[in-house]
Amino acid sequence: MAETITDAQLVARCRAGDQAAWNELVERFSRYVYAIAVQGFRLQGHDAEDVFQEVFARVYEHLDRLRSDEAIRPWIAQLTRRLCIDRLRAGGRETPSELEETAGVDERLAALDDALTVRAGLDAVGEPCREILDRFFCQDESYRAIGDALALPAGTIASRISRCLTKLRSELEGRS
Amino acid sequence: MINYDEQRIGELLRLLPAVPEGWVRAAQELPQARAELAAIVARAEEDAVFRAKVVADLEAALEAEGIDPIPSVVAALRVRLDQA
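Going down the list, the protein sequences come from chains A and B. Using this note's numbering, you'd call the opening residue of the first sequence number 1 and step up by one each time. Using this note's numbering, you'd call the opening residue of the second sequence number 1001 and step up by one each time.
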């Protein structure tokens, strides 16, 4: 298993000015923020990018205001949600109430929250499972492409994916 | 509680695709960018001509200093100049 530090430990290190910790924090939450903007609120192109950068700018600026270091995840989710709504409102596309009532935003964001938990489990499982599962599920690569990239026979990729999923499932069950 | 069967795990992994290239790096460089902004503001406080040039075109001033003028950085510079 890979050694990962907790969200709270990461926040504490960021607050102390540790650039490597900041890099890790951005890496850890980048897919989550991106998915909330693009899948949760259907933002595209520059709108999504502006919200993405603004979220991390505010996190960086206001990290010392976080009441509990463990609350970084819900705080980032709420911040992203608010900035997405502001962006939609500024564009005159939908009012926040219309958006939240009609578009199933809550359901999508709940699924993304679960997805981030699974992603954290994937990071904890470490290599080579992390790369194999990421290539297959997140980058939608074929068995052949994964085999070529990792210098493995394409015929073994399916069984490796299966074994890695079992390993990830064990990791996740250990957390719940 | 998540239903952790393999099919569901796969579905959830698919929900978090990779972020477009460059976005993560830009966010990781924020601390450095903020330090560079502080240097610009300090220089603007000491040099009225430079300050006028920066205020006239924030984006161009940032680009001239090698900083990507994304909206959050431009807004941060504007706030800092207003406070200076």
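All C-beta atoms in this analysis are idealised placements derived from N, C-alpha and C, irrespective of residue type, glycine included.
Checklist line | Exposed unless 16 or more other CB atoms sit within 10 angstroms - verdict on T80/A | finding: Under this definition T80/A is a buried residue.
Inset, instruction - Anything in the stretch 71–86 of chain A with a Cβ closer than 9 Å to a Cβ of chain B? List those residues in chain order, please. - result: Per Cβ criterion, the list is empty.
What residue from L168/A, L172/A, G45/A, E49/A has the CA that sits closest to S30/A's CA?
Checking every option, the nearest Cα to that of S30/A belongs to E49/A.
TODO: Measure the C-alpha to C-alpha separation of A110/A and A1026/B and round it to an integer number of angstroms.
DONE: Rounded to whole angstroms, the separation of the alpha carbons of A1026/B and A110/A is 27 Å.
- prompt: How big is the Cα-Cα spacing for A151/A and C164/A?
  reply: If you draw a straight line from the Cα of A151/A to the Cα of C164/A, it comes to about 17 Å.
My output table needs one value for P74/A: the three-state DSSP class, helix, strand or coil. Note: P74/A maps to helix in three-state DSSP.
Contacts of R1014/B in chain A (Cβ-Cβ under 7 Å)
F137, C138, listed in chain order.
> Do E54/A and L83/A have their C-beta atoms within less than 7 Å of each other?
Replying inline: Yes, Cβ-Cβ distance for E54/A and L83/A is below 7 Å.
query: Just how far apart, CA to CA, sit F52/A and V125/A?
result: Taking the straight line from one Cα to the other gives about 27 Å.
If we ignore side chains and look at the alpha-carbon of each, how far apart do L168/A and D47/A end up?
Note on geometry: alpha-carbon atoms of L168/A and D47/A lie some 34 Å from one another.
*asked:* Under 8 Å, with one C-beta from each stretch per pair, do the stretch 1013–1026 of chain B and the stretch 11–22 of chain A reach the 3-pair mark?
replied: Here the stretch 1013–1026 of chain B does not lie against the stretch 11–22 of chain A, with fewer than 3 beta-carbon pairs under 8 Å apart.
Using a cut-off of 8 Å between C-beta atoms, extract the partners of E54/A located in chain B. Result: P1071, S1072.
**Request:** Reducing DSSP to helix, strand and coil, say where T102/A ends up.
**Result:** Bear in mind that the predicted position of T102/A carries a pLDDT of just 46, short of 50, making it unreliable; the figure below should be weighed with that in mind. Here DSSP, grouped into helix, strand and coil, assigns T102/A to helix.
Worksheet entry | Neighbour flag for S159/A against chain B, beta carbons, 7 Å | Not closer than 7 Å to any Cβ of chain B, the Cβ of S159/A fails to qualify, so no.
Discussion item. Buried or exposed, going by whether 16 or more other CB atoms sit within 10 Å of the CB of R89/A?
Written reply: Classification for R89/A: exposed.
Does any residue of chain A have a CB that is nearer than 7 Å to the CB of E1006/B? E1006/B counts as touching chain A.
message: Using the Cβ count rule (16 or more neighbours within 10 Å means buried), how would you classify I132/A?
response: Burial call: buried.
| said: Measuring alpha carbon to alpha carbon, tell me which residue in Q9/A, S162/A, F137/A, R175/A is nearest A71/A. | reply: Minimum Cα distance to A71/A is reached at Q9/A.
Close Cβ partners of T166/A (< 7 Å) along its chain, the five nearest in sequence each way excluded | Same-chain partners within the cutoff: there are none.
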